[in-house]
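Enquirer: Just dropping this structure here.
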């Protein structure tokens, strides 16, 4: 294992004109320096991490790399996937002086260390697992499918190679899409077309990269390369915890999502509800509390969101035989409260999520009680939650007990072996037992060799299994070229036929809609014609605007017309005079007080807001009764306006005569 220590020497991560430079030290597992640099830019630091296959990078302040968590997350994405970044001065979310941290590994300073010395100390600290590891928080993962080699320059061979790679990329895209859909992982795809296939493609999968890698394996073949890269949006500090407790998870999805996470002894119950919990956030929240072993819902059938979360994590989904009622949920909450467990429910979503988890727990309660009783009888000192996990995974109580006994015996026998080995060392000089001791030593050495050989074989088997999976995955894309071409042609023909069928269906839908509209019009026209025969409806002329040209073009507009419908507000004074002389009323649907006053001043009756049953090119159909009433009211209103105007005029003349008389009297008196 190689680790890297880093310390900033000059520059500022916030500055573009004065970028940071770092002192870098790389050491091996024995603390021996294999590389050092007094001054290196950030890009060189990332290159060195790849070149030396660095497992850990230690720094006293991560914000010396970048000013924000998002920028640090981008840097982590550029590092090898197995490289972990450490802040060596952070312990349990508290800052610890570098000097104090160095003393933990026996390093003391006489004076302030130089940057290169600080980098070396950071490397030693991270080698000894001192500090807090930092990981990127993923929002999505990219699967990048591209050519594994360049096409070359010109010629028929280059074109043939290019077609082969494009078809291979197309086949890879189809296979990866099938795998993602089978795993119900949500994704988007971006691709660039080429002649005979695809030049490249990128899947954006909304899941953790660890989950994606279980389904799609990265590999490099002779034609294509499949790379899997996580996209980090921020970072988080990983709390050092050797084994997180197994937990049961209850989820109530919706606009506001409820989440309940509890351990197998009901000692710790965490309740969360928020409108901002998507699937990735839910998974991150769960893993920050413990290791999920099963997800529960209160609905039957279970919601799709809960199904997808269970699929993404790769754990079973529990759903009750029928959806839980509110009364049953309240009984479950009361049941757990009677056990003396404090629960603070803020929303109904938290209640539903907790009820789902408790329903699952209660279905195993009898087995849990029996298991605890038998472990107490045996007096075994073992984690009971680990045994309960056996039951949740479908094992029997007897199998869990046998596992507990086996663990106990292994632990005790291991302790006995250590004691015996110490006794053998102490008495190794006893001449009477030297032969026995020699045999024991030989057996112990043989046992160690066998154990070591077993571990080597296990490692080799894992490597071979991984390689087989990669080869199987690659084999799916390296089919015979003629078969690929046939598949492409088949797909193209099918897509063309589907597109034609879609266009025909759209056209049929459009025609059907038009037919329905025509049927409605015909029905309405029939009703209107029927109304004409009994005098229920009346036709009146319609013009677009009140202008001379429109009036001349309207043949039906004459002195026998009672009214005319005007569509727009364009008015012509000459046209108004013609309407006035013809003694025709005007129907307008865009009335206002000023316009109405203007028509009354011109001596033309106006009908505002008269309901129109149907409008054609040059006529409008109105209800006869409504029209006659409105027309009569309009003429009455015009007559009242005229009389009011005459009264105002006569009053004005009387006032004028009175003024003249007053003036004469004044002159006479003078």
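Numbering (the working numbering), first residue to last: 286 to 955. All C-beta atoms in this analysis are idealised placements derived from N, C-alpha and C, irrespective of residue type, glycine included.
(1) Report all residues from its chain with a CB closer than 6 angstroms to the CB of residue 322; omit the five preceding and five following residues, and keep chain order.
(2) Would you say residue 554 reaches chain D, if we count a Cβ-Cβ gap shorter than 7 angstroms as a contact?
(3) Please classify residue 543: is it buried, with 16 or more other beta-carbons within 10 angstroms of its beta-carbon, or exposed?
(4) Which residues share a DSSP beta bridge with residue 548?
(5) Can you tell me whether residue 825 is helix, strand or coil according to DSSP?
(6) Check whether the Cβ atoms of residue 517 and residue 421 lie closer than 7 angstroms to each other.
(7) Determine, using beta-carbon pairs with one atom in the segment 377 to 396 and one in the segment 319 to 337, whether at least three such pairs fall under 8 angstroms.
(8) Taking the continuous alpha helix (DSSP H) assigned at residue 887, which residues delimit it?
(9) If you compare alpha carbons, which of 905, 581 and 690 is closest to residue 824?
(10) So what's residue 590 in DSSP terms, helix, strand or just coil?
(11) Could you give the DSSP three-state label for residue 766: helix, strand or coil?
(12) On a Cα-Cα basis, can you pick out the residue from 879, 872 and 902 that is closest to residue 893?
(13) Taking the alpha-carbon positions, what's the residue 307 to residue 293 distance?
(14) Buried or exposed: residue 372, going by 16 or more other Cβ atoms within 10 Å of its Cβ?
(15) Run the CB neighbour count on residue 901, radius 10 Å, all protein chains shown included, and call it buried at 16 or more, exposed below.
(16) Since I believe residue 829 is in contact with residue 835 (beta carbons under 8 angstroms), could you give me their beta-carbon distance rounded to a whole number of angstroms?
(17) What ranges does the beta strand (DSSP E) occupy inside the segment 548 to 574, keeping only unbroken runs of at least 3 residues that lie completely in it?
(18) Give the single residue among 379, 426 and 290 whose Cα lies nearest to the Cα of residue 412.
(19) Find out if the Cβ-Cβ distance for the pair residue 604, residue 469 is shorter than 7 angstroms.
(20) For residue 689 and residue 339, what's the separation of their Cα atoms in angstroms?
(21) Going by beta-carbon coordinates alone, are residue 875 and residue 898 separated by less than 7 angstroms?
(22) What would DSSP say about residue 301, mapped onto helix, strand or coil?
(23) Sorted by chain position, which residues of the same chain lie with C-beta nearer than 6 angstroms to residue 827's C-beta, five sequence neighbours on each side aside?
(24) Return helix, strand or coil for residue 433, following the three-state DSSP convention.
(25) Which partner residues of residue 289 appear in the DSSP bridge assignment?
(26) Tell me whether the beta-carbon of residue 298 lies closer than 7 angstroms to the beta-carbon of residue 365.
(27) Go ahead and label residue 550 buried or exposed: buried means 16 or more other beta carbons lie within 10 angstroms of its beta carbon, across all protein chains shown.
(28) Would you check if there are 3 or more beta carbon pairs closer than 8 angstroms linking the segment 567 to 583 to the segment 530 to 538?
(29) If you reduce the DSSP assignment to three classes, tell me which class residue 394 lands in.
(30) Starting from residue 862, trace the alpha helix (DSSP H) both ways and give me its first and last residue.
(31) Closest to residue 434 by C-alpha separation, out of 426, 427 and 446, would be which residue?
(32) How big is the Cα-Cα spacing for residue 953 and residue 947?
(33) Are the Cβ atoms of residue 634 and residue 559 separated by less than 7 angstroms?
(34) When we look at the beta-carbon of residue 582 and count the other beta-carbons within 10 Å, is it buried (16 or more) or exposed?
(35) Are residue 509 and residue 567 touching if we call contact CB-CB under 7 angstroms?
(36) Specify the secondary structure class of residue 475 as computed by DSSP and reduced to three states.
Expert: On the basis of the coordinates in this document:
(1) Here the question's residue 322 lines up with position 37 in the chain shown. Around residue 322: 309.
(2) The chain inventory of the structure shown lacks chain D, comprising one protein chain alone.
(3) Position 258 of the chain shown, counting from 1, holds the residue named residue 543. Its Cβ being crowded by 16 or more others within 10 Å, residue 543 is buried.
(4) For this step, residue 548 is matched to residue 263 along the chain shown. Beta-bridge pairing links residue 548 to 532.
(5) By 1-based counting over the chain shown, the position of residue 825 is 540. Shown here, residue 825 sits in a strand according to DSSP, grouped into three states.
(6) As a working note, residue 517 is residue 232 in the chain shown. As a working note, residue 421 is residue 136 in the chain shown. For residue 517 and residue 421, yes; Cβs fall inside 7 angstroms.
(7) no
(8) Reading the chain shown from its first residue, position 602 is the one you call residue 887. Here the alpha helix (DSSP H) through residue 887 covers 878 to 887.
(9) Counted from its first residue, the chain shown places residue 824 at position 539. Minimum Cα distance to residue 824 is reached at 905.
(10) For the purposes of this step, residue 590 is taken as residue 305 along the chain shown, with counting starting at 1. Judged by DSSP in its simplified three-state form, residue 590 adopts helix.
(11) Within the chain shown, residue 766 is the residue found at index 481, counting from 1. Caution is warranted here: a pLDDT of 46 is assigned to residue 766, below 50, making its placement in the model unreliable, and the coordinate value is therefore given only provisionally. Three-state result, residue 766: helix.
(12) By one-based count along the chain shown, residue 893 stands at place 608. Closest option to residue 893, Cα to Cα, is 872.
(13) Here the question's residue 307 lines up with position 22 in the chain shown. Here the question's residue 293 lines up with position 8 in the chain shown. Going by the C-alpha atoms only, they are around 4 angstroms apart.
(14) Locating residue 372 in the chain shown gives position 87, counting from the first residue. That one is buried.
(15) Against the chain shown, residue 901 aligns to sequence position 616. Looking at its Cβ environment, which holds fewer than 16 other Cβ atoms inside 10 Å, residue 901 is exposed.
(16) In the chain shown, residue 835 corresponds to position 550, counting from 1. In the chain shown, residue 829 corresponds to position 544, counting from 1. That belief holds up - the Cβ atoms of residue 835 and residue 829 are roughly 6 angstroms apart, short of 8 angstroms.
(17) 554 to 559
(18) Against the chain shown, residue 412 aligns to sequence position 127. Comparing Cα positions, the closest option is 290.
(19) Here residue 604 refers to the residue found at position 319 when the chain shown is read from its first residue. Here residue 469 refers to the residue found at position 184 when the chain shown is read from its first residue. Judged by beta-carbon spacing, residue 469 lies beyond the 7 angstroms limit of residue 604, meaning their Cβ atoms are not closer than that value.
(20) For the purposes of this step, residue 689 is taken as the residue at position 404 of the chain shown. For the purposes of this step, residue 339 is taken as the residue at position 54 of the chain shown. Approximately 39 angstroms, taken between the alpha carbons.
(21) By one-based count along the chain shown, residue 875 stands at place 590. By one-based count along the chain shown, residue 898 stands at place 613. No, these two residues do not count as a Cβ contact at 7 angstroms.
(22) Position 16 of the chain shown holds residue 301. Three-state result, residue 301: coil.
(23) In the chain shown, residue 827 corresponds to position 542, counting from 1. Closer than 6 angstroms at Cβ, skipping near neighbours: 850, 903, 904 and 905.
(24) Locating residue 433 in the chain shown gives position 148, counting from the first residue. Correct three-state label for residue 433: coil.
(25) The residue labelled residue 289 in the question sits at position 4 within the chain shown. Its beta-bridge partners are 311 and 342.
(26) The count along the chain shown starts at 1 and reaches residue 298 at position 13. The count along the chain shown starts at 1 and reaches residue 365 at position 80. The answer is no: Cβ separation not under 7 angstroms.
(27) Your numbering for residue 550 matches position 265 in the chain shown. Exposed is the call here.
(28) yes
(29) The residue labelled residue 394 in the question sits at position 109 within the chain shown. Secondary structure at residue 394: coil, using DSSP grouped into helix, strand and coil.
(30) The residue you call residue 862 lines up with position 577 of the chain shown. Segment 858 to 867, the alpha helix (DSSP H) holding residue 862.
(31) For the purposes of this step, residue 434 is taken as the residue at position 149 of the chain shown. Among 426, 427 and 446, the Cα nearest to that of residue 434 is on 446.
(32) For the purposes of this step, residue 953 is identified with residue 668 of the chain shown, where counting begins at 1. For the purposes of this step, residue 947 is identified with residue 662 of the chain shown, where counting begins at 1. One C-alpha to the other measures close to 10 angstroms.
(33) Reading the chain shown from its first residue, position 349 is the one you call residue 634. Reading the chain shown from its first residue, position 274 is the one you call residue 559. No, they are not a contact pair.
(34) For the purposes of this step, residue 582 is identified with residue 297 of the chain shown, where counting begins at 1. Per the 10 Å Cβ criterion, buried.
(35) Within the chain shown, residue 509 is the residue found at index 224, counting from 1. Within the chain shown, residue 567 is the residue found at index 282, counting from 1. Taking 7 angstroms as the Cβ cut-off, residue 509 and residue 567 do not qualify as a contacting pair.
(36) Taking the chain shown and counting its residues from 1, the one referred to as residue 475 is at position 190. Three-state result, residue 475: strand.
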